[in-house]
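Since the structure comes first, as structure tokens, the remarks are kept for the end.
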Amino acid sequence: MSLHVSSELPMDGFVRAGTLAKVLGISVVTVWRWSAAGKFPKPVKVSGRVTGWPVADVRAWIAEKSNPTSQSASN
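For the sequence shown, my numbering begins at 999 and goes up steadily by one.
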């Protein structure tokens, strides 16, 4: 998975699972599974039928995963 995708995300707001899957190169199901398992930020209910992830949370997750120091410290 390429974690240099932050330029493909909007600067702010929310992003939906399908967009995240495409940007991260994973399936939509994986986005939901990682969120449920605490491996990815939690989604937010934006409206009655729309759920999204805050872009700031996604960008922070990408930065954390891209930083080799934080990965070795968490293992």
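By construction, the Cβ of each residue, glycine as well, lies at the ideal position given by its N, Cα and C atoms. Fair warning: this is a prediction, and the values are worked out from it, not measured in the lab.
For residue i, the three-state DSSP class (helix, strand or coil)
i	result
Pro-1052	strand
Ser-1025	coil
Lys-1020	helix
Ala-1058	helix
Lys-1043	strand
N- and C-terminal bounds of the beta strand (DSSP E) containing residue i
i	result
Ser-1005	Element bounds for Ser-1005: n/a, residue is neither H nor E.
Among the options, nearest to residue i - alpha-carbon criterion
i	options	result
Lys-1063	Lys-1020, Ala-1015, Gly-1011 and Pro-1039	Pro-1039
Gly-1016	Lys-1037, Val-1027 and Pro-1008	Val-1027
is_contact[residue i, chain D] using C-beta, thresh 7 Å
i	result
Val-1021	In summary, chain D is missing from the structure at hand, where a single protein chain is found.
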